[in-house]
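Participant: Please read through the structure below; I'll follow up with questions.
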Amino acid sequence: MNFKNKVHGIVERIPKGKVSTYGQVARLAGNPKAARAVGAVMKNNPDSKRIPCHRVVSSKGEMTGYTAEGGVKTKKEKLLLEGVVFNGDIVELSRSQISG
DNA sequence: CAATTGACGTAGT
DNA sequence: CACTACGCCAATT
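In this text, residue positions in the first sequence follow my numbering: the first is 492, and each later residue adds one.
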């Protein structure tokens with residue numbers, strides 16, 4: 492099982508209306524320090540229909556990257572539609588992060 | 001194969 | 001809280 496393959500399964504597990512962090516995914520993937528690598532895997536994003544990469548944010552709840560359509564702008568909109576709680580331009584991890 | 005890059009995270013000031 | 005510095009991993013060139 493490759494790292495990216497693990498990440499795929501984990502990101503798929505992210506429920507609607509909730510978000511996870513790169514560090515969280517990296518940790519579940521088995522590499523607590525591979526947060527950065529998670530971003531690389533997201534960028535690869537082989538199945539955008541199956542992998543809700545937009546539900547992954549930074550440890551502070553700030554949205555970064557999202558090379559897909561619209562960029563971070565659409566990313567915020569999507570999370571907002573899903574019911575994710577926002578605090579200005581930052582996600583309330585205390586209320587929307589998994590296991591929180 | 002070696003060097004560089006990048007959707008990150010933590011610690012110190 | 002804002003900024004700087006360092007470490008880490010995987011993908012790309």
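Ideal Cβ positions, reconstructed from N, Cα and C, are used throughout, including at glycine.
Of all the options 497, 542, 546 and 536, which has the alpha carbon lying nearest to the alpha carbon of residue 577?
Facilitator: 546
Participant: Could you please give the first and the last residue of the uninterrupted alpha helix (DSSP H) stretch that includes residue 518?
Facilitator: 513-520
Participant: Report yes if the CB atom of residue 552 is closer than 8 angstroms to the CB atom of residue 584, and no otherwise.
Facilitator: Closer than 8 angstroms, so yes.
Participant: Are the Cβ atoms of residue 548 and residue 495 separated by less than 8 angstroms?
Facilitator: No, they are not a contact pair.
Participant: Consult DSSP for residue 536 and reduce its assignment to one of helix, strand or coil.
Facilitator: Taken through DSSP and simplified to helix, strand or coil, residue 536 comes out as coil.
Participant: How is the alpha helix (DSSP H) around residue 587 delimited, first residue to last?
Facilitator: 584-587
Participant: Locate the alpha helix (DSSP H) running through residue 500, then write down its first and last residues.
Facilitator: In the DSSP annotation of this structure, the continuous segment of the alpha helix (DSSP H) that includes residue 500 starts and ends at 494-503.
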